[in-house]
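Going down the list, the protein sequences come from chains A, B, C and D. Note that the first sequence ends on residue 211 in our numbering; no numbers are left out. Note that the second sequence ends on residue 211 in our numbering; no numbers are left out. Note that the third sequence ends on residue 211 in our numbering; no numbers are left out. Note that the fourth sequence ends on residue 211 in our numbering; no numbers are left out. Comments concern the structure below.
Protein chains: 4
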Amino acid sequence: MAKYNNLREQILEQTRHLLVENGYSHVSMRKVANLVGCTPTAIYLYFENKDALIHALIEEGMDSLHQKIEECLASESDSAAQFKLMCSSFLEYGFTNPEYYVIMFQLPTDEMAPFPAEKYRRARRNLQQFADVLHKARGEQQPLLDPLVDATMVWSLLHGATSLYLAQRIDTRISRDVFVTRTVDCAMSMLNPIQQSS
Amino acid sequence: MAKYNNLREQILEQTRHLLVENGYSHVSMRKVANLVGCTPTAIYLYFENKDALIHALIEEGMDSLHQKIEECLASESDSAAQFKLMCSSFLEYGFTNPEYYVIMFQLPTDEMAPFPAEKYRRARRNLQQFADVLHKARGEQQPLLDPLVDATMVWSLLHGATSLYLAQRIDTRISRDVFVTRTVDCAMSMLNPIQQSS
Amino acid sequence: MAKYNNLREQILEQTRHLLVENGYSHVSMRKVANLVGCTPTAIYLYFENKDALIHALIEEGMDSLHQKIEECLASESDSAAQFKLMCSSFLEYGFTNPEYYVIMFQLPTDEMAPFPAEKYRRARRNLQQFADVLHKARGEQQPLLDPLVDATMVWSLLHGATSLYLAQRIDTRISRDVFVTRTVDCAMSMLNPIQQSS
Amino acid sequence: MAKYNNLREQILEQTRHLLVENGYSHVSMRKVANLVGCTPTAIYLYFENKDALIHALIEEGMDSLHQKIEECLASESDSAAQFKLMCSSFLEYGFTNPEYYVIMFQLPTDEMAPFPAEKYRRARRNLQQFADVLHKARGEQQPLLDPLVDATMVWSLLHGATSLYLAQRIDTRISRDVFVTRTVDCAMSMLNPIQQSS
DNA sequence: AATGAATGAGGCTTCATTCAT
DNA sequence: AATGAATGAAGCCTCATTCAT
Numbered sequence: 014m015a016k017y018n019n020l021r022e023q024i025l026e027q028t029r030h031l032l033v034e035n036g037y038s039h040v041s042m043r044k045v046a047n048l049v050g051c052t053p054t055a056i057y058l059y060f061e062n063k064d065a066l067i068h069a070l071i072e073e074g075m076d077s078l079h080q081k082i083e084e085c086l087a088s089e090s091d092s093a094a095q096f097k098l099m100c101s102s103f104l105e106y107g108f109t110n111p112e113y114y115v116i117m118f119q120l121p122t123d124e125m126a127p128f129p130a131e132k133y134r135r136a137r138r139n140l141q142q143f144a145d146v147l148h149k150a151r152g153e154q155q156p157l158l159d160p161l162v163d164a165t166m167v168w169s170l171l172h173g174a175t176s177l178y179l180a181q182r183i184d185t186r187i188s189r190d191v192f193v194t195r196t197v198d199c200a201m202s203m204l205n206p207i208q209q210s211s
Numbered sequence: 014m015a016k017y018n019n020l021r022e023q024i025l026e027q028t029r030h031l032l033v034e035n036g037y038s039h040v041s042m043r044k045v046a047n048l049v050g051c052t053p054t055a056i057y058l059y060f061e062n063k064d065a066l067i068h069a070l071i072e073e074g075m076d077s078l079h080q081k082i083e084e085c086l087a088s089e090s091d092s093a094a095q096f097k098l099m100c101s102s103f104l105e106y107g108f109t110n111p112e113y114y115v116i117m118f119q120l121p122t123d124e125m126a127p128f129p130a131e132k133y134r135r136a137r138r139n140l141q142q143f144a145d146v147l148h149k150a151r152g153e154q155q156p157l158l159d160p161l162v163d164a165t166m167v168w169s170l171l172h173g174a175t176s177l178y179l180a181q182r183i184d185t186r187i188s189r190d191v192f193v194t195r196t197v198d199c200a201m202s203m204l205n206p207i208q209q210s211s
Numbered sequence: 014m015a016k017y018n019n020l021r022e023q024i025l026e027q028t029r030h031l032l033v034e035n036g037y038s039h040v041s042m043r044k045v046a047n048l049v050g051c052t053p054t055a056i057y058l059y060f061e062n063k064d065a066l067i068h069a070l071i072e073e074g075m076d077s078l079h080q081k082i083e084e085c086l087a088s089e090s091d092s093a094a095q096f097k098l099m100c101s102s103f104l105e106y107g108f109t110n111p112e113y114y115v116i117m118f119q120l121p122t123d124e125m126a127p128f129p130a131e132k133y134r135r136a137r138r139n140l141q142q143f144a145d146v147l148h149k150a151r152g153e154q155q156p157l158l159d160p161l162v163d164a165t166m167v168w169s170l171l172h173g174a175t176s177l178y179l180a181q182r183i184d185t186r187i188s189r190d191v192f193v194t195r196t197v198d199c200a201m202s203m204l205n206p207i208q209q210s211s
Numbered sequence: 014m015a016k017y018n019n020l021r022e023q024i025l026e027q028t029r030h031l032l033v034e035n036g037y038s039h040v041s042m043r044k045v046a047n048l049v050g051c052t053p054t055a056i057y058l059y060f061e062n063k064d065a066l067i068h069a070l071i072e073e074g075m076d077s078l079h080q081k082i083e084e085c086l087a088s089e090s091d092s093a094a095q096f097k098l099m100c101s102s103f104l105e106y107g108f109t110n111p112e113y114y115v116i117m118f119q120l121p122t123d124e125m126a127p128f129p130a131e132k133y134r135r136a137r138r139n140l141q142q143f144a145d146v147l148h149k150a151r152g153e154q155q156p157l158l159d160p161l162v163d164a165t166m167v168w169s170l171l172h173g174a175t176s177l178y179l180a181q182r183i184d185t186r187i188s189r190d191v192f193v194t195r196t197v198d199c200a201m202s203m204l205n206p207i208q209q210s211s
C-alpha cells in the first residue's frame with residue numbers, strides 16, 4: 014500500500030487510472046472524486062480545472078519518457094546500440110505506462126485546451142533525439158536522406174506498434190516478446206539505406 | 014422503402030460529418046438529429062442505440078476499406094506491386110476518410126459496447142490479406158519468418174503513420190507526398206529479409 | 014385556479030414569480046423547475062437557455078407596456094390629457110407588474126446576454142412616445158427646448174418613483190394614491206416652461 | 014493595529030472594486046480574497062459573513078453621502094442655494110461613486126439579509142435633510158403641502174436620473190452636463206407651487 | 001414512420017462557509 | 001492573525017433514452 018501524503022497524488026493516480034481504463038472521455042471530475050473518496054470541489058483545490066489536471070499528467074508523462082530516453086543515451090556509447098535501446102525502451106514505456114502514453118500521444122487534441130506551448134518544447138526533444146541518434150548511427154553514408162523524415166518513419170512504426178498493442182488489436186498468437194523484438198528489428202533496418210521508390 | 018433508406022442514409026451521413034468535424038465525443042443523438050432535421054427519437058427507428066449507429070459506420074468503413082484493398086489485388090498481378098499498392102492505398106484511405114479511420118482504428122474500445130464479434134471477422138480479413146500478399150511477394154526465401162508477424166509490422170507502420178498524420182503530429186516541413194512515398198518505401202523494405210536481432 | 018394548457022406558461026409564471034419575489038440573481042433553472050414541478054431539463058424543451066427564458070419575459074413586458082401606452086393615446090384626444098394619462102398609467106403599470114418592470118428597467122444589463130437589438134426597437138418606441146406627446150402637449154411655445162431631454166426628465170421622475178416604490182423605500186406615511194397623484198403633478202409641471210439655470 | 018485595519022481596508026476596497034466593475038452578483042468572497050491577496054478565510058476575521066461585508070460598505074456609503082450633503086449645507090447660507098447644491102451634489106455623488114450608489118439604492122432588498130434597522134436610521138437622515146431644506150427654501154407660502162411628499166418627489170427624480178445614467182439608458186445624444194443641469198432645474202422647479210391635480 | 005414531452009444521470013464549475021491548526 | 005483543507009449546495013447545461021401517441 015503506497016502511502017499518500019496528500020490528496021493531490023491520489024487525484025493524479027485515479028485520473029491516470031480512469032484514463033487508461035476507460036479512455037479520456039470517461040474521465041470526469043465526479044468520477045475521479047468518487048474514486049478518490051473526496052468531493053469534486055476538493056479537486057479544484059489542487060487543479061484549476063479539468064484541463065489543468067490532464068496537463069499535469071501530460072507533463073509527468075513527458076518527463077518520465079524523456080528521462081527514460083536519456084538513460085538510453087547514457088547507458089550505451091555506440092550510436093547504433095543507443096538507437097536500438099531507445100526503440101525498445103520506447104515500446105517498453107508505452108506498454109507499461111499506457112496511461113501516460115495515451116494522454117501524450119493519443120489524446121484527441123481538439124477535446125481539451127491546447128497544452129501550453131512552452132511545455133511542448135520538452136516533448137519535441139524526444140523526437141529530435143531519435144533523429145539525432147539515427148543520423149549519427151547511420152553515419153555519413155547517406156547524407157542525402159533527410160534525418161527528420163527517417164526519424165518520423167521510426168516514430169510511425171513505434172507509435173503504430175504501441176497503439177495497436179494498447180488497443181489490444183495485436184493477434185493473440187503473437188507473444189509480446191516476439192512483437193517487441195521484431196518491431197525493434199524493423200526500426201533497426203531503417204538504419205540501412207532505404208531503397209528509393211522508383 | 015426509398016424514403017426509409019433516405020433518412021437512414023442521412024443519419025449515417027451526418028454522423029460521419031460530426032465525427033470527422035468534432036470528434037467522437039461530440040457526436041450526440043441530438044446533434045445528429047438537428048443536422049438531419051428530424052427528432053432524436055426518429056434515429057431510434059433505424060438504430061437501436063448510439064452504439065448501433067456507430068457500429069453501422071464501422072461496418073461501412075470496414076467494407077469500403079476492404080473493397081479498396083480488393084481493388085489493389087485486382088489491378089496488379091505481381092505480388093510486390095500488389096503489396097506496394099495496398100500500402101499506399103491504406104494510407105490514402107486513412108488520409109481521405111478520417112471519419113472512418115478514426116472509428117475503425119482509434120476508437121477507445123471501452124468507449125462503446127464491444128463491436129460484435131461476428132463483424133470483427135470481416136475486419137480481420139484486411140490484415141490477413143496484407144499477410145498473404147506479403148508472404149507471396151517475399152517468396153519462399155524466408156520460410157522461417159512468420160508472415161503474420163511481418164504483416165503486423167507493416168500494419169504498425171501504416172497505422173502509426175496514419176495516426177500521426179491525422180493527429181497533425183507530423184512536422185510541417187515534411188510534405189504529404191514525401192511522407193507517403195517514404196512510408197511506402199519503408200513498408201516495401203520489409204519484403205527483404207529482416208536482420209534478426211542478435 | 015388558472016388552467017394551464019402547457020408547461021411553458023407555468024415556467025414563465027414561476028420565473029416571473031421568482032423574479033419579483035427574490036430578484037434576478039435568485040432566478041435559477043432549478044428553482045423554477047422545483048416551483049413548476051418539473052425537471053430542470055424540461056425547461057430546455059421550451060427555452061434554449063436561461064437567457065432565452067428571461068428574454069421571453071422581457072418581450073412580454075415590452076408588449077404589455079406598449080399596449081398600455083397605446084391605450085392612453087387612444088382614450089384621450091387632447092395631448093395634455095394623453096400625457097397625464099400616460100404618466101399615471103406608467104406608474105400604475107410598474108406598481109402592478111413589478112416582475113415585468115424589474116426585468117425591463119432594472120435588470121443588471123451585464124448579467125445576461127444582451128437583449129436582441131431588433132427587439133429593443135420596440136422598447137425605444139415607448140420613450141419616444143412620451144417625447145412626442147410631451148412635445149405636442151407643450152405646443153410651440155418653447156421650440157428651443159429639446160423634447161428628447163425633457164422626455165428623459167419625465168422618464169427619470171417616473172422611473173425613480175416606480176423604483177423607490179417597488180423597493181419599498183417610500184415612507185409608509187405616504188399613501189400610494191397621494192404618491193401617484195403628486196408624481197403625475199410633477200410630471201405635468203414639466204409641460205410648463207422650465208426655468209433655465211442661471 | 015495598523016495592520017489590522019490595513020487588511021480590513023483592502024478587503025473593503027477590493028469589494029468596492031468588484032462591485033462597480035462586475036456588479037453585485039459577481040462579488041464573491043474568493044474573488045475578493047484573490048484580489049486582496051489573502052485567503053477567503055481571512056475575510057471572516059473581519060466580517061462575519063458576506064452580508065456583513067456588504068453592510069459595511071453600505072454604511073460607508075451612507076456616511077460619505079451624508080457628509081457630502083452636510084457640506085452643501087455648510088457652503089451655502091441661502092436655502093434655495095443649498096437645495097440646488099444638494100441636488101447637483103447628489104447626482105454628482107451617484108455618478109462618481111457608482112459602487113456605493115448601487116449597493117445603497119439599487120440592491121434588491123431580498124438579495125441579502127435586511128440591513129439592520131438601526132443603521133437605516135442614518136440613511137433616513139439624508140432624505141429628511143432634503144425635506145427640511147426644501148421646506149425652508151419654499152418658505153411659508155405653501156404650508157398645506159407636505160414637505161415629506163415633495164422631498165420624495167425630488168428624490169424620485171434624482172434617483173431615477175442617477176439610475177438611468179448608471180445603467181447607461183440615457184440617450185447618448187444628451188451630454189452629461191446638459192443632463193445634470195436640466196435635472197437640477199427640474200428639481201428646482203419643485204420649489205414652486207405645484208399645480209394641484211384637479 | 002415519426003413526433004412531442006419528459007426524465008434521470010451526469011458534465012464542469014463556483015459558491016459561502018467551517019474546522020482544525 | 002491567518003491559513004489550508006474540505007464540504008455540500010447550487011449554478012447552467014447536455015446526454016441517451018423512453019413512452020405515449
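Beta carbons are placed, not taken as given, at the ideal position from N, Cα and C, and that holds for glycine.
Interface residues of chain C facing residue i [CB-CB closer than 8 Å]
{"i": "D/Ala196", "result": "The residue you asked about is not Ala; residue 196 of chain D is Thr in the sequence shown. Result: Met166 and Ser169."}
Interface partners of residue i on chain A, CB under 9 Å
{"i": "B/Ile187", "result": "Asp159, Leu161, Val162 and Thr165"}
{"i": "B/Gly241", "result": "Only positions 14 to 211 of chain B appear in the structure, and residue 241 of chain B is not among them; the question remains open."}
{"i": "B/His172", "result": "Ser169, His172, Gly173, Ala174, Ser176, Leu177 and Arg182"}
First through last residue of the alpha helix (DSSP H) which encompasses residue i
{"i": "D/Phe118", "result": "First-last for D/Phe118: undefined, no H or E at that position."}
{"i": "C/His79", "result": "Lys63 to Ser88"}
{"i": "B/Gly107", "result": "Ser92 to Thr109"}
{"i": "D/Cys199", "result": "Arg189 to Ser202"}
{"i": "B/His163", "result": "Looking at the sequence shown, residue 163 of chain B is not His but Asp. Pro160 to Leu179 is the span of the alpha helix (DSSP H), which, as asked, contains B/Asp163."}
{"i": "B/Tyr59", "result": "Pro53 to Tyr59"}
{"i": "C/Arg186", "result": "Taken as a continuous stretch (DSSP letters only), C/Arg186 belongs to no alpha helix (DSSP H), as it is neither H nor E."}
{"i": "C/Asn35", "result": "Leu20 to Asn35"}
{"i": "D/Val45", "result": "Met42 to Val49"}
Beta carbon of residue i nearer than 8 Å to that of residue j
{"i": "C/Ile82", "j": "C/Gln142", "result": "yes"}
{"i": "C/Thr28", "j": "C/Leu70", "result": "yes"}
{"i": "C/Gly74", "j": "C/Ile116", "result": "yes"}
{"i": "B/Thr185", "j": "A/Met166", "result": "no"}
{"i": "B/Val40", "j": "B/Ile56", "result": "no"}
{"i": "C/Ser126", "j": "C/Asp76", "result": "Reading off the sequence shown, one finds Ala at residue 126 of chain C, where the question assumed Ser. Not in contact: C/Ala126 and C/Asp76 (Cβ atoms no closer than 8 Å)."}
{"i": "A/Val193", "j": "A/Leu104", "result": "yes"}
{"i": "D/Gln80", "j": "D/Val146", "result": "no"}
{"i": "C/Ala93", "j": "C/Ala150", "result": "yes"}
Within chain D, partners of residue i - CB distance below 7 Å
{"i": "C/Met203", "result": "Cys199"}
{"i": "C/Asp64", "result": "None at all; the shortest Cβ gap to chain D is about 15 Å."}
Neighbouring residues, chain B, relative to residue i (Cβ below 8 Å)
{"i": "A/Ala150", "result": "In chain order: nothing, as chain B lies at least about 14 Å away."}
Chain-ordered neighbours of residue i on chain A, where CB pairs are closer than 7 Å
{"i": "B/Leu104", "result": "Chain A residues near B/Leu104: none, gap ~10 Å exceeds 7 Å."}
Proximal chain B residues relative to residue i, where beta-carbon distance stays under 7 Å
{"i": "A/Val191", "result": "Val162"}
(request) Could you list the residues in the region 73-98 of chain B with a C-beta less than 9 Å from some C-beta on chain A, going in chain order? (result) Lys97
(message) Output needed in chain order: residues of the region 26-42 of chain D with a Cβ under 9 Å from some Cβ in chain C.
(response) Asn35, Gly36, Tyr37, Ser38 and His39
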